[in-house]
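Trainee: Input: one structure, supplied below.
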Amino acid sequence: MRLAKTPERKVWAENYSDWFHKILSEVPVYDTRYPVKGTGIWTPFGFKLRKGVIEIIRDELEKANHEEVLFPLLIPDYMLGKEGDHIKKFDDEVYWVTHGGRDLLDVKLALRPTSETAIYPMFQLWVNAYSDLPIRIFQIVNIFRYETKATRPMIRVREVSTFKEAHTAHATREDAENQVQDGIAIYSRIFERLRIPFFKSIRPEWDKFPGAEYSVAFDTILPDGKVLQIGTVHFLGQGFAKAFDIKYMTANGGYEYVWQTCYGISERAIAALISTHGDDNGMNLPSNVAPVQAVIIPIVYKGKEEDVLKKCNEVKGILTSAGIRTAVDDRKEITPGNKYFAWELKGTPVRIELGPRDIEAATAVLVRRDLLQKTVVPISAIAEGTKKLLASVDEALGERSKKWMAERLTKVTSLDDLQKTLDSKGGIVEVPWCGGRGCGEEMEAKMNARILGTPYHDEMVVECSQSCVFCGKDATKAIRIARSY
RNA sequence: GGGGCCGUAGUCUAGCUUGGACCAGGAUGCAAGCCUGGGGCGCUUGUGAUCCCGGGUUCAAAUCCCGGCGGCCCCA
8 MRLAKTPERK VWAENYSDWF HKILSEVPVY DTRYPVKGTG IWTPFGFKLR
58 KGVIEIIRDE LEKANHEEVL FPLLIPDYML GKEGDHIKKF DDEVYWVTHG
108 GRDLLDVKLA LRPTSETAIY PMFQLWVNAY SDLPIRIFQI VNIFRYETKA
158 TRPMIRVREV STFKEAHTAH ATREDAENQV QDGIAIYSRI FERLRIPFFK
208 SIRPEWDKFP GAEYSVAFDT ILPDGKVLQI GTVHFLGQGF AKAFDIKYMT
258 ANGGYEYVWQ TCYGISERAI AALISTHGDD NGMNLPSNVA PVQAVIIPIV
308 YKGKEEDVLK KCNEVKGILT SAGIRTAVDD RKEITPGNKY FAWELKGTPV
358 RIELGPRDIE AATAVLVRRD LLQKTVVPIS AIAEGTKKLL ASVDEALGER
408 SKKWMAERLT KVTSLDDLQK TLDSKGGIVE VPWCGGRGCG EEMEAKMNAR
458 ILGTPYHDEM VVECSQSCVF CGKDATKAIR IARSY
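Residues 8 to 492 (the numbering used here) make up the first sequence, in order.
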């Protein structure tokens with residue numbers, strides 16, 4: 008018997024792009040062979056994984072008093088164009104429906120690139136009085152953006168198939184800013200449940216959401232050291248409210264515009280989930296999103312098939328009643344070793360091997376996916392043993408990803424070190440910065456990197472004695488820079 | 001935004017430079033049978049390709065040219 012070793016992360020780290028494509032197609036999670044650029048197909052397995060992630064998102068939003076809705080895909084051009092900054096940004100990225108059958112449409116219809124301009128005209132109708140506020144809604148839909156850069160499965164697509172967008176309206180600035188805090192807290196909980204590590208940054212002025220006053224973004228780091236934005240929370244102020252005339256009547260009979268926020272998460276979160284926990288054997292899924300949490304592999308010898316399979320199904324019954332999503336891989340055509348590889352690729356957190364030797368001893372062999380370590384557990388304690396192991400795998404995945412990412416946040420104070428760090432280990436680099444837009448944009452160009460923004464709240468680290476890493480003026484804040492997707 | 005590489009069975013790939021001996025070769029997968037079975041066994045047989053699409057050049061195109069669609073990589 009060959010001993011299994013803890014999987015390496017060599018290909019994962021050094022050839023991440025290949026690794027990711029391979030996972031998507033071999034598991035399979037997401038089929039990219041559909042002949043329209045920037046689109047893809049969620050396979051049955053991928054769909055289950057996606058569903059698991061969506062359920063966590065939905066759960067956190069609903070617990071925080073958000074209600075789910077569904078708005079139309081089509082947005083008339085005059086609505087899309089109402090808020091000036093917003094349309095300026097999205098104008099180049101919109102798909103237009105121009106025909107109905109053979110007739111040219113009188114009003115062009117956009118495929119939503121995001122839904123502010125679809126939702127807010129309805130807010131205008133829904134909001135009359137103070138008592139109509141706050142509104143907290145969300146929807147999970149597809150959106151379309153005509154990306155001109157090279158597309159990349161799940162990470163840069165033209166049809167974002169899994170876009171959760173929340174939209175809120177409030178009576179006061181304070182309420183809305185509190186909602187921003189809530190949104191950030193909700194997202195933090197979502198990513199923590201997925202064990203995806205993140206840094207929060209306030210995006211620079213020139214990179215905030217078009218139409219927003221400010222944007223707070225969640226970024227993670229992929230195995231190749233490049234940064235991926237996985238969520239954003241925006242404070243919209245009253246810009247959209249004024250553009251869409253969303254007002255409520257105040258106590259003294261006057262009218263006041265509402266204050267708004269919106270926040271979004273896409274399937275990039277799923278790309279991050281797959282990438283963050285992966286290794287050279289495939290995925291590692293946290294148990295809460297793993298379509299199968301424990302797979303039982305029968306070790307079948309000739310003449311004993313019946314006994315072994317019977318036992319496997321019995322154990323499956325025990326685990327299922329204990330609330331563990333369990334499968335028995337009873338395929339006869341392939342050998343156990345083959346099955347191990349297949350289920351490891353899929354990221355199944357726990358494998359249970361059950362053969363004649365185990366049945367004899369009334370035990371089972373439990374193998375954790377992340378480390379491929381084996382433990383022998385009595386069948387009488389199989390449910391507790393599996394649960395404990397699942398928890399332990401979850402814990403370990405969280406610790407590993409958190410540690411990995413913490414190691415990729417570097418703080419330097421010179422331009423030279425900034426360049427070197429970006430070129431060698433990538434990740435996020437924090438430097439003192441003067442706060443000037445011109446300086447920032449020049450630095451982005453020179454470093455061939457993106458300014459992610461300033462650390463959000465608790466992560467603030469600026470020391471005022473330092474000078475701007477780029478222009479040398481007094482630094483007013485720390486800024487994060489990274490190569491990004 | 002700029003540049004490069006590429007598209008051949010489900011997947012990966014040989015062939016393309018120098019057009020013909022390629023009704024396209026291999027591996028893997030898939031199916032059946034045997035042998036096996038605690039980490040991708042082996043053997044036999046079978047299956048599977050509008051050579052991405054359209055046009056052009058030519059006696060002759062997977063191969064050369066043009067356009068389109070699609071994919072990957074690098075740089076700004």
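Cβ atoms here follow ideal geometry from the backbone N, Cα and C, with glycine treated the same way.
Does DSSP classify Tyr221 as helix, strand or coil?
Mentor: In the first sequence, the residue the question calls residue 221 occupies position 214. Tyr221: strand per DSSP, three-state reduction.
Trainee: Quick one: measure Cβ to Cβ for Ala301 and Thr333, integer angstroms, because I've assumed they're closer than 8 Å.
Mentor: Locating residue 301 in the first sequence gives position 294, where the first residue counts as 1. Locating residue 333 in the first sequence gives position 326, where the first residue counts as 1. With a Cβ gap of about 5 Å, Ala301 and Thr333 count as contacting.
Trainee: Counting Cβ pairs closer than 8 Å, one from the region 321 to 336 and one from the region 89 to 106, do we hit at least three?
Mentor: No, the region 321 to 336 is not in contact with the region 89 to 106.
Trainee: In angstroms with no decimal places, state the Cα-to-Cα distance between Ile228 and His284.
Mentor: Numbered from its first residue, the first sequence carries residue 228 at position 221. Numbered from its first residue, the first sequence carries residue 284 at position 277. Rounded to the nearest angstrom, the two C-alpha atoms are 12 Å apart.
Trainee: Going by C-alpha to C-alpha distance, which of Val419, Tyr463 and Asn288 sits closest to Arg376?
Mentor: For the purposes of this step, residue 376 is identified with residue 369 of the first sequence, where counting begins at 1. Here the closest residue by C-alpha is Asn288.
Trainee: Is the separation between the beta-carbon of Ile389 and that of Ile325 shorter than 8 Å?
Mentor: Stepping through the first sequence from its first residue, residue 389 is reached at position 382. Stepping through the first sequence from its first residue, residue 325 is reached at position 318. For Ile389 and Ile325, yes; Cβs fall inside 8 Å.
Trainee: Please name the residue, chosen from Ala452, Ala482 and Asn455, that lies closest to Thr461 on a Cα-to-Cα basis.
Mentor: On the first sequence, residue 461 is found 454 positions in, with the first residue counted as 1. Nearest option by C-alpha distance: Ala482.
Trainee: Which word fits Asn291, buried or exposed, when buried means at least 16 other C-beta atoms lie within 10 angstroms of its C-beta?
Mentor: Residue 291 sits at position 284 when you count from the first residue of the first sequence. By the 10 Å Cβ count, Asn291 comes out buried.
Trainee: Name the DSSP bridge partner or partners of Asp38?
Mentor: Mapped onto the first sequence, residue 38 falls at position 31. DSSP lists Ile48 as partners of Asp38.
Trainee: Would the region 102 to 114 and the region 228 to 241 be scored as touching if the rule is three or more Cβ pairs under 8 Å?
Mentor: The region 102 to 114 is not in contact with the region 228 to 241.
Trainee: Kindly list the residues whose CB is nearer than 8 Å to the CB of Ile61, restricted to its own chain and excluding five residues on each side of it in sequence; keep chain order.
Mentor: Residue 61 sits at position 54 when you count from the first residue of the first sequence. So the list reads Ile147, Thr169 and Lys171, once near-sequence residues are dropped.
Trainee: Would Ala117 and Leu77 qualify as a contact pair, given that the criterion is a beta-carbon distance under 8 Å?
Mentor: For the purposes of this step, residue 117 is identified with residue 110 of the first sequence, where counting begins at 1. For the purposes of this step, residue 77 is identified with residue 70 of the first sequence, where counting begins at 1. Not in contact: Ala117 and Leu77 (Cβ atoms no closer than 8 Å).
Trainee: Between the beta-carbon of Gly244 and the beta-carbon of Trp213, is there less than 8 Å?
Mentor: Along the first sequence, one-based indexing puts residue 244 at 237. Along the first sequence, one-based indexing puts residue 213 at 206. Contact flag unset, no.
Trainee: May I have the straight-line CA-CA distance separating Ala248 from Val134, to the nearest angstrom?
Mentor: Here the question's residue 248 lines up with position 241 in the first sequence. Here the question's residue 134 lines up with position 127 in the first sequence. C-alpha separation (whole angstroms): 11 Å.
Trainee: Which class does Leu459 belong to by DSSP, given the choice of helix, strand or coil?
Mentor: For this step, residue 459 is matched to residue 452 along the first sequence. Leu459: strand per DSSP, three-state reduction.
Trainee: What does the alpha-carbon distance come out to for the pair Val476 and His464?
Mentor: The residue labelled residue 476 in the question sits at position 469 within the first sequence. The residue labelled residue 464 in the question sits at position 457 within the first sequence. If you take the alpha carbons of Val476 and His464, they lie about 21 Å apart.
Trainee: Between which two residues does the alpha helix (DSSP H) holding Ser24 run?
Mentor: On the first sequence, position 17 is the one that residue 24 refers to. Where Ser24 is concerned, the enclosing alpha helix (DSSP H) stretches over Tyr23 to Glu33.
Trainee: Do you know how far the Cα of Gly433 is from the Cα of Ala413?
Mentor: Within the first sequence, residue 413 is the residue found at index 406, counting from 1. Within the first sequence, residue 433 is the residue found at index 426, counting from 1. So the two alpha carbons sit approximately 12 Å from each other.
Trainee: Suppose you measure from the CA of Phe54 to the CA of Gln473; what does that come to, to the nearest Å?
Mentor: Working through the first sequence from its first residue, we reach residue 54 at position 47. Working through the first sequence from its first residue, we reach residue 473 at position 466. Their Cα atoms are separated by approximately 49 Å.
Trainee: In terms of alpha-carbon separation, which member of Glu100, Thr355 and Ala125 lies closest to Pro79?
Mentor: Indexing the first sequence from 1 puts residue 79 at position 72. Comparing Cα positions, the closest option is Ala125.
Trainee: Among all the DSSP beta bridges, which residues are the ones paired with Ile398?
Mentor: As a position in the first sequence, residue 398 is number 391, starting the count at 1. Correcting the residue identity first, residue 398 is Ala in this sequence and not Ile. BP columns for Ala398 are empty, so no partner.
Trainee: In angstroms, rounded to a whole number, what distance separates the CA positions of Arg165 and Gly261?
Mentor: Locating residue 165 in the first sequence gives position 158, where the first residue counts as 1. Locating residue 261 in the first sequence gives position 254, where the first residue counts as 1. Between Arg165 and Gly261, the C-alpha separation is close to 44 Å.
Trainee: Between the C-alpha atoms of Ala276 and Gly238, what's the straight-line distance to the nearest angstrom?
Mentor: Counted from its first residue, the first sequence places residue 276 at position 269. Counted from its first residue, the first sequence places residue 238 at position 231. For Ala276 and Gly238, the distance between alpha carbons rounds to 8 Å.
Trainee: In angstroms, rounded to a whole number, what distance separates the CA positions of Gly310 and Glu367?
Mentor: As a working mapping, residue 310 is identified with position 303 in the first sequence. As a working mapping, residue 367 is identified with position 360 in the first sequence. Looking at the two C-alpha atoms, the distance is approximately 15 Å.
Trainee: Can you tell me which of the three DSSP states Phe205 falls into?
Mentor: On the first sequence, residue 205 is found 198 positions in, with the first residue counted as 1. Residue state, collapsed to three classes: coil.
Trainee: What number of angstroms, rounded off, separates the C-alpha of His241 from the C-alpha of Arg358?
Mentor: Working through the first sequence from its first residue, we reach residue 241 at position 234. Working through the first sequence from its first residue, we reach residue 358 at position 351. Distance between the alpha carbons of His241 and Arg358: 42 Å.
Trainee: List the endpoints of the continuous alpha helix (DSSP H) containing Ile253.
Mentor: Along the first sequence, one-based indexing puts residue 253 at 246. Run containing Ile253: none; DSSP gives neither H nor E here.
Trainee: Leaving out the 5 sequence neighbours to the left and right, which residues in its chain are closer than 8 Å to Ser32 when beta-carbon positions are compared?
Mentor: Walking along the first sequence from the start, residue 32 turns up at place 25. Same-chain partners within the cutoff: Asp38 and Thr39.
Trainee: Would you tell me roughly how many angstroms separate the C-alpha atoms of Lys70 and Phe205, rounded to the nearest one?
Mentor: One-based indexing of the first sequence puts residue 70 at position 63. One-based indexing of the first sequence puts residue 205 at position 198. Cα to Cα, the separation comes out at about 22 Å.
Trainee: Near Leu396, what residues of its chain come up, given a Cβ to Cβ distance below 6 Å and the 5 sequence neighbours on each side ignored?
Mentor: In the first sequence, counting from the first residue as 1, residue 396 sits at position 389. Around Leu396: Val357, Leu373 and Arg375.
Trainee: When DSSP labels each residue in this structure, what does Asn149 get in the three-state scheme?
Mentor: As a working note, residue 149 is residue 142 in the first sequence. Note: Asn149 maps to strand in three-state DSSP.
Trainee: Please go through the same chain and pick out, in chain order, the residues whose beta-carbon is closer than 8 Å to the beta-carbon of Tyr492, but skip the five residues on each side of it.
Mentor: In the first sequence, the residue the question calls residue 492 occupies position 485. So the list reads Arg159, Ile162, Arg163, Leu229, Lys233, Val234, Leu235 and Gln236, once near-sequence residues are dropped.
Trainee: Cβ of Arg484 within 8 Å of Cβ of Gly442?
Mentor: Translated into positions along the first sequence, residue 484 becomes position 477. Translated into positions along the first sequence, residue 442 becomes position 435. First, the amino acid is wrong: residue 484 is Lys here, not Arg. Taking 8 Å as the Cβ cut-off, Lys484 and Gly442 qualify as a contacting pair.
Trainee: Give me the DSSP bridge partner(s) of Gly271.
Mentor: Mapped onto the first sequence, residue 271 falls at position 264. BP columns for Gly271 point to Glu172 and Thr239.
Trainee: Kindly identify the DSSP beta-bridge partner or partners of Leu116.
Mentor: What you label residue 116 is simply residue 109 of the first sequence in a count that begins at 1. Pro83 and Val104, per the DSSP bridge assignment.
Trainee: Which same chain residues, not among the five before or five after Leu352, have their C-beta less than 8 Å away from its C-beta?
Mentor: By one-based count along the first sequence, residue 352 stands at place 345. Result list for Leu352: Ile30, Glu33, Val34, Asn288, Gly289 and Met290, in chain order.
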